[in-house]
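Here the structure is laid out as structure tokens; the discussion comes afterwards.
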Amino acid sequence: MSLEPQSLASRTAAAVDAEPWMAIAFLAASVVGVAAFVTVLGLVLIYAERKIAAHFQCRVGPYRVGPHGTLQAVADAIKLLLKEDVVPAGADRLLHILAPVLSFAGMVLCIVALPLGPHAQVVDLDIGVLYVAAVAGLGVIGILLGGWSSHNKWSLLGAMRAGAQIISYELSAMLALLVAVLFSGTLQLSGIVLAQQEGWWIWRAHGAGVVAFALFVVAGTAEINRTPFDLAEGESELTAGFHTEYSGLRFAFFFLAEFLNLFVVAAMVTTLFLGGWMPLHIGQWAAWNAAMDLLPPGLWFAGKAAAVVFLLMWFRWTFPRLRVDQLMRLEWKVLLPIGFANLFFAAGLVVSGWYFFPTDAAPTAPLPAPAGWPSDGAAP
Amino acid sequence: MGLVTDHLPGALLPLPGGGALLTAIDQVVNWSRANSLWPLTFGTSCCAIEVMMATGAARHDLARFGAEVARPSPRQADLLIIAGTIVKKMAPRLRTLWEQMAEPRYVIATGSCAISGGPFLYHSYTTIRGADEVIPVDVYVPGCPPRPEALLYGLLTLQKMIREGSTLARPGQVRRPVLAALPDGMTLDDVRAEIAALVQETATVDRKAAAAVGAAFAAQDRV
Amino acid sequence: MTAPAPTTLRARLDATPWASPLGTQEYFVNMGPQHPSTHGVLRLVLKLDGETVREVVPVLGYIHRGIEKICEHSNYRQLVHLTDRMDYLSALANNWAVTRVVEKAAGLETNGRIEAIRTLVTELQRIHSHQLWWGVFGMDLGAFTPFFYGFRDREILTDVFERTIGGRLTLNYIQPGGVMHDIHPEFVRDVKAFMAVFRPRLDEYEALLSENVIVQERLRGVGVLSAADAVALGATGPVLRASGVAHDLRKAEPYGLYGQVQFDVPIGSRGDCWDRYAVRMCEMRQSLRIVDQLIDHIPEGKHFLVKPAAKIKVQPGVWYSHLETARGVLGAMLVSTGGEAPYRVHLRTPNFNNLWTVTAMAPGGRVGDLVAILSSLDLVVPDIDR
Amino acid sequence: MAADLLPLAGLALSPDALVAAVQLLCPAAQARPDCDRPAVKVTVGDWPELAGRLRAHADLLFDLLETHTAIDWPESGRIELVYLLTSLRRGHHLTVFVDIPRDDPVAPSVCAVWPVAQWQEREVYDLFGVRYADHPDLRRLFLDDDWQGFPLRKDYADAFMLDRPS
Numbered sequence: 001m002s003l004e005p006q007s008l009a010s011r012t013a014a015a016v017d018a019e020p021w022m023a024i025a026f027l028a029a030s031v032v033g034v035a036a037f038v039t040v041l042g043l044v045l046i047y048a049e050r051k052i053a054a055h056f057q058c059r060v061g062p063y064r065v066g067p068h069g070t071l072q073a074v075a076d077a078i079k080l081l082l083k084e085d086v087v088p089a090g091a092d093r094l095l096h097i098l099a100p101v102l103s104f105a106g107m108v109l110c111i112v113a114l115p116l117g118p119h120a121q122v123v124d125l126d127i128g129v130l131y132v133a134a135v136a137g138l139g140v141i142g143i144l145l146g147g148w149s150s151h152n153k154w155s156l157l158g159a160m161r162a163g164a165q166i167i168s169y170e171l172s173a174m175l176a177l178l179v180a181v182l183f184s185g186t187l188q189l190s191g192i193v194l195a196q197q198e199g200w201w202i203w204r205a206h207g208a209g210v211v212a213f214a215l216f217v218v219a220g221t222a223e224i225n226r227t228p229f230d231l232a233e234g235e236s237e238l239t240a241g242f243h244t245e246y247s248g249l250r251f252a253f254f255f256l257a258e259f260l261n262l263f264v265v266a267a268m269v270t271t272l273f274l275g276g277w278m279p280l281h282i283g284q285w286a287a288w289n290a291a292m293d294l295l296p297p298g299l300w301f302a303g304k305a306a307a308v309v310f311l312l313m314w315f316r317w318t319f320p321r322l323r324v325d326q327l328m329r330l331e332w333k334v335l336l337p338i339g340f341a342n343l344f345f346a347a348g349l350v351v352s353g354w355y356f357f358p359t360d361a362a363p364t365a366p367l368p369a370p371a372g373w374p375s376d377g378a379a380p
Numbered sequence: 001m002g003l004v005t006d007h008l009p010g011a012l013l014p015l016p017g018g019g020a021l022l023t024a025i026d027q028v029v030n031w032s033r034a035n036s037l038w039p040l041t042f043g044t045s046c047c048a049i050e051v052m053m054a055t056g057a058a059r060h061d062l063a064r065f066g067a068e069v070a071r072p073s074p075r076q077a078d079l080l081i082i083a084g085t086i087v088k089k090m091a092p093r094l095r096t097l098w099e100q101m102a103e104p105r106y107v108i109a110t111g112s113c114a115i116s117g118g119p120f121l122y123h124s125y126t127t128i129r130g131a132d133e134v135i136p137v138d139v140y141v142p143g144c145p146p147r148p149e150a151l152l153y154g155l156l157t158l159q160k161m162i163r164e165g166s167t168l169a170r171p172g173q174v175r176r177p178v179l180a181a182l183p184d185g186m187t188l189d190d191v192r193a194e195i196a197a198l199v200q201e202t203a204t205v206d207r208k209a210a211a212a213v214g215a216a217f218a219a220q221d222r223v
Numbered sequence: 001m002t003a004p005a006p007t008t009l010r011a012r013l014d015a016t017p018w019a020s021p022l023g024t025q026e027y028f029v030n031m032g033p034q035h036p037s038t039h040g041v042l043r044l045v046l047k048l049d050g051e052t053v054r055e056v057v058p059v060l061g062y063i064h065r066g067i068e069k070i071c072e073h074s075n076y077r078q079l080v081h082l083t084d085r086m087d088y089l090s091a092l093a094n095n096w097a098v099t100r101v102v103e104k105a106a107g108l109e110t111n112g113r114i115e116a117i118r119t120l121v122t123e124l125q126r127i128h129s130h131q132l133w134w135g136v137f138g139m140d141l142g143a144f145t146p147f148f149y150g151f152r153d154r155e156i157l158t159d160v161f162e163r164t165i166g167g168r169l170t171l172n173y174i175q176p177g178g179v180m181h182d183i184h185p186e187f188v189r190d191v192k193a194f195m196a197v198f199r200p201r202l203d204e205y206e207a208l209l210s211e212n213v214i215v216q217e218r219l220r221g222v223g224v225l226s227a228a229d230a231v232a233l234g235a236t237g238p239v240l241r242a243s244g245v246a247h248d249l250r251k252a253e254p255y256g257l258y259g260q261v262q263f264d265v266p267i268g269s270r271g272d273c274w275d276r277y278a279v280r281m282c283e284m285r286q287s288l289r290i291v292d293q294l295i296d297h298i299p300e301g302k303h304f305l306v307k308p309a310a311k312i313k314v315q316p317g318v319w320y321s322h323l324e325t326a327r328g329v330l331g332a333m334l335v336s337t338g339g340e341a342p343y344r345v346h347l348r349t350p351n352f353n354n355l356w357t358v359t360a361m362a363p364g365g366r367v368g369d370l371v372a373i374l375s376s377l378d379l380v381v382p383d384i385d386r
Numbered sequence: 001m002a003a004d005l006l007p008l009a010g011l012a013l014s015p016d017a018l019v020a021a022v023q024l025l026c027p028a029a030q031a032r033p034d035c036d037r038p039a040v041k042v043t044v045g046d047w048p049e050l051a052g053r054l055r056a057h058a059d060l061l062f063d064l065l066e067t068h069t070a071i072d073w074p075e076s077g078r079i080e081l082v083y084l085l086t087s088l089r090r091g092h093h094l095t096v097f098v099d100i101p102r103d104d105p106v107a108p109s110v111c112a113v114w115p116v117a118q119w120q121e122r123e124v125y126d127l128f129g130v131r132y133a134d135h136p137d138l139r140r141l142f143l144d145d146d147w148q149g150f151p152l153r154k155d156y157a158d159a160f161m162l163d164r165p166s
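Chains as they are written, first to last, in the working numbering: chain D, 1 to 380; chain C, 1 to 223; chain W, 1 to 386; chain F, 1 to 166.
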């Protein structure tokens with residue numbers, strides 16, 4: 001089995017060179033594929049959340065619609081699609097309509113760059129990590145616009161909370177993410193997965209990986225507005241927060257984006273710290289690694305992502321919500337210093353090569369000089 | 001309602017087989033609406049504890065029917081459960097809440113207060129005599145307050161009403177709740193016959209039996 | 001003395017001064033009457049500066065049904081069922097308050113069995129009420145699971161009530177002259193079974209919510225109510241006790257069998273949300289203690305001493321009687337001019353008086369604090385509005 | 001602060017002593033024997049001063065205004081205000097009755113003495129129409145601002161109300 005990753009885009013690029021119409025076929029296929037993937041995944045996540053919540057709470061959850069309630073999310077989706085769509089009087093109509101689309105788009109743009117398996121990645125960008133971090137920020141624009149345009153003070157309050165919260169926690173998420181980038185020596189998501197061929201960063205990095213993992217889980221939970229950081233829509237405080245005035249299809253977009261963001265965070269955690277689709281390899285133990293390879297990489301990825309999703313759901317159904325100033329204090333006074341310290345510690349580890357199974361391609365090799373520069377590498 | 005639902009019947013019906021297709025679509029749509037009744041978190045009085053909280057809680061678990069997603073915003077809710085007394089000051093707010101809900105929306109009135117004013121019917125200067133004086137109600141669940149099981153039955157009745165009720169071609173057509181509430185295999189005529197039999201039975205007096213019952217009561221009183 | 005001109009809410013809001021040290025604008029937000037954390041139809045007009053609450057103006061009357069007026073047109077037996085619908089979470093204590101004042105006014109006797117049953121079921125309902133409060137408190141803080149745990153255990157107790165009383169919530173059980181039905185033969189066994197289940201569950205509650213660091217952060221030092229303020233604003237019950245005033249009518253003026261049982265009155269020291277939370281958690285344990293002492297010693301006797309059809313008549317005069325419900329002091333004042341119906345009934349409800357402490361506690365805190373404060377007051381809105 | 005508010009058991013005055021003590025403070029106060037708890041009736045002129053003294057006097061210490069309400073007596077043309085006072089520190093109770101004329105019901109506000117009176121007085125204003133002088137915020141409490149009439153008055157008539165069929 002070849003684990004050499006190859007994104008859909010790179011495979012198609014070869015085909016496009018031969019047959020130009022393949023470009024259109026690639027576009028159409030990826031649009032349909034991503035749409036189907038997103039829909040099915042959203043329904044599964046919604047069903048899983050309701051069922052898991054129910055079992056945490058000593059009840060059975062959806063049970064009557066389809067066997068064990070499996071069609072519950074389908075019924076909800078169809079109902080939401082056909083529900084009346086209200087734009088309140090006094091709302092900024094254009095922004096009101098645009099906001100859920102932006103929120104949804106940010107999430108979909110993240111998903112196309114995620115390596116779900118060695119051959120299951122739509123686009124494999126060189127700067128995948130930066131790209132995901134950047135487009136994930138689109139979601140907050142959607143939330144801010146939605147709250148602003150709704151002409152409702154509760155919405156506005158929710159949106160402002162979300163804005164402050166997501167932008168703050170983005171910092172910690174970045175710092176945690178940089179640790180994995182440092183160890184892997186690349187910004188390419190598939191490269192990061194490959195760099196974990198001899199072990200996942202969470203255990204290979206002498207503590208720095210664990211700290212970064214925990215940081216990223218906390219900051220990620222905050223970025224997707226889930227309990228204990230669900231201040232943006234905190235039901236008991238702001239009725240429904242930024243989406244108070246949304247109904248029908250547009251609310252469904254927010255709702256779906258919220259659940260798929262859960263997957264995006266879980267997938268990022270998996271990719272950066274849990275080896276992505278990489279089986280549990282340990283160094284050069286060939287027998288062990290071969291045994292681990294028996295499970296296909298897609299299953300490895302799904303299993304790890306599901307475990308992280310379950311962890312986040314566990315948070316949600318256990319913890320109460322933080323207060324808005326406590327939330328900020330946690331970020332700026334606790335997580336951020338820890339993140340910085342951890343980053344420097346990790347940098348030290350990388351430079352000294354003092355971690356399990358250091359790769360040969362560590363940044364000790366000199367970088368190639370850019371074209372046109374003097375060959376001795378000195379700046380002109 | 002939506003762009004699609006408004007224009008779909010007009011576009012489909014002229015086509016060959018369009019009617020059958022429309023019926024199939026109707027069934028799917030009504031199935032989804034019936035099985036995804038998200039209630040509004042709204043309770044005014046005692047009924048809120050029984051029908052909103054106890055029914056949603058672990059033992060009775062409204063989630064089994066897909067109705068546990070309580071939305072605090074009326075825009076996202078499908079079902080308004082009027083749980084408790086409605087007074088004059090609240091009536092305009094209730095109306096506003098109902099108007100803010102997006103179509104299709106359904107209303108269940110629970111408890112005597114929301115049905116008729118209940119214990120506060122007489123000598124009260126504020127109590128509205130039934131929430132249906134303010135907004136249209138689909139299903140009434142009696143009780144003071146109703147047991148959670150009663151609300152579940154009300155919910156199932158509403159689901160039946162939705163499944164058998166309005167179609168895309170004829171929106172707004174509502175199946176009457178009395179018919180929807182009947183168990184399977186029973187028609188309104190059966191009920192009428194049963195009532196007639198009961199009336200007949202109570203109207204006929206068996207003098208001998210009545211005398212025996214009276215004697216038994218008299219004996220009890222002496223003891 | 002000059003007669004003042006009555007104002008309106010609009011005028012009241014317009015008259016509030018706008019203070020904006022940063023040049024930012026303060027704004028009003030309506031919380032309620034339909035809001036998930038006002039637990040009913042309480043409406044609060046908040047003046048906010050960003051997230052900070054500057055002022056809270058409660059607006060009442062969204063469930064004002066005129067119970068006092070209806071009482072004037074009811075006879076002395078009919079009074080009881082109306083009280084079920086005020087503070088429905090301590091319906092039995094409400095029944096008892098009105099029953100006591102009618103019994104006092106009409107000179108009706110009770111016996112040991114009646115008093116023991118009344119004390120027992122009222123104490124059980126105090127637990128019942130606090131279980132619901134605990135669940136809803138968790139939900140207001142943003143944790144949903146406590147709600148389900150609270151209700152899971154509450155249903156066991158609801159079954160106990162249902163067997164003896166026949167109802168689940170509005171029980172209408174304690175009547176002038178006795179209790180509606182004698183206790184069910186399985187009552188004692190059921191209550192013991194409940195206590196065996198609930199004691200470990202109470203520890204589970206503590207592990208899930210009390211020991212959670214976020215809960216402690218949210219509650220400690222939030223909504224501080226000094227003892228002097230609590231008394232001045234008329235607070236009673238757990239709210240008053242959390243501020244450090246050991247006032248509990250069960251101890252101060254023992255009624256029922258409270259004079260014969262051992263129990264402690266938990267009090268707080270700082271009067272913050274955490275103290276109010278802790279006081280109620282301790283009260284559940286104390287109630288279990290009371291039930292424990294009484295459950296095996298219910299005296300024999302009749303459960304109803306007045307003929308069910310007998311009309312109750314009261315001589316002219318004024319009577320007042322009060323007792324401790326799960327939320328504070330519930331008083332019933334009865335004015336009679338003779339005959340079978342009261343001339344005037346006034347009900348002093350704990351929630352009406354406890355509510356106003358929020359106007360002293362909330363300013364300066366955040367919106368999230370306000371929700372915690374409201375929840376720590378354990379308000380039942382129909383009891384405020386009557 | 002908290003410590004001095006703890007009930008001082010055994011210091012409660014007996015009902016007779018309580019009435020006598022009030023009569024010392026306000027000689028015009030009359031005892032009300034038809035009340036089951038110690039009760040006095042004072043004139044509306046004496047009341048504001050007496051209220052302050054009841055609150056502050058070391059032997060009385062009525063720190064809690066348990067409730068305040070009114071009784072309408074249309075036959076004698078008066079509204080009787082009722083103040084139920086409790087001393088948490090002493091553990092005794094006192095009921096104070098104040099008569100005001102029914103056609104011009106103006107009474108002094110005691111919310112400077114007991115702050116909770118602010119809302120209790122608003123309730124009485126709402127339901128009985130008693131106007132309190134120097135009340136900081138006299139508005140309807142339960143009913144809408146534009147409500148006509150005062151429903152707990154005995155002669156309140158409302159086309160909306162239904163009488164129970166007998």
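Backbone N, C-alpha and C fix where the C-beta goes; we use that ideal spot for every residue, glycine too.
Residue span of the alpha helix (DSSP H) that contains SER184/D, given as start and end: 153-184
Neighbourhood of MET101/C by C-beta, 8 Å cutoff - its chain only, sequence neighbours within 5 removed: LEU40, PRO74, ARG75, ALA77, ASP78 and LEU80
Between the CA atoms of VAL367/W and GLU51/W - distance to the nearest angstrom: 6 Å
Short CB-CB distance (under 8 Å) between GLU66/F and chain W: yes
CB of GLN216/W within 8 Å of CB of VAL261/W, strictly: no
Residues that GLU233/D contacts on chain W, provided the C-beta gap is smaller than 9 Å: Those do not exist, as GLU233/D stays about 11 Å from chain W at its closest Cβ, beyond 9 Å.
Reduced DSSP secondary structure (H/G/I, E/B, other) of THR364/D: Here THR364/D scores only 45 on pLDDT, less than 50, and its place in the model is too uncertain to base an answer on.
Residue burial classification, GLY221/W (beta-carbon count within 10 angstroms, cutoff 16): exposed
Cβ-based burial, GLY364/W [other Cβ within 10 Å; buried from 16]: exposed
Contacts that MET31/W makes with chain F (C-beta to C-beta distance below 9 Å): Under the 9 Å cutoff, chain F gives no residues; its nearest Cβ is about 18 Å from MET31/W.
Closest by C-alpha distance to LEU145/D, when choosing among PHE263/D, GLU245/D, LEU249/D and HIS281/D: GLU245/D
Beta-carbon spacing of LEU80/D, GLY248/D below 8 Å: yes
ALA24/C burial status per 10 Å Cβ neighbour count (16 or more: buried): exposed
Minimum C-alpha distance to GLU340/W - residue among ILE312/W, SER321/W, VAL329/W and VAL358/W: ILE312/W
Contacts of MET90/C in chain W (Cβ-Cβ under 8 Å): PRO33, VAL41, TYR62 and ILE63
Exposed unless 16 or more other CB atoms sit within 10 angstroms - verdict on ALA159/F: exposed
Contact list for VAL211/D against chain A, beta-carbon separation under 7 Å: Here chain A cannot be found, since the structure's protein chains are D, C, W and F.
Cα-Cα separation, LEU41/D to VAL265/D: 14 Å
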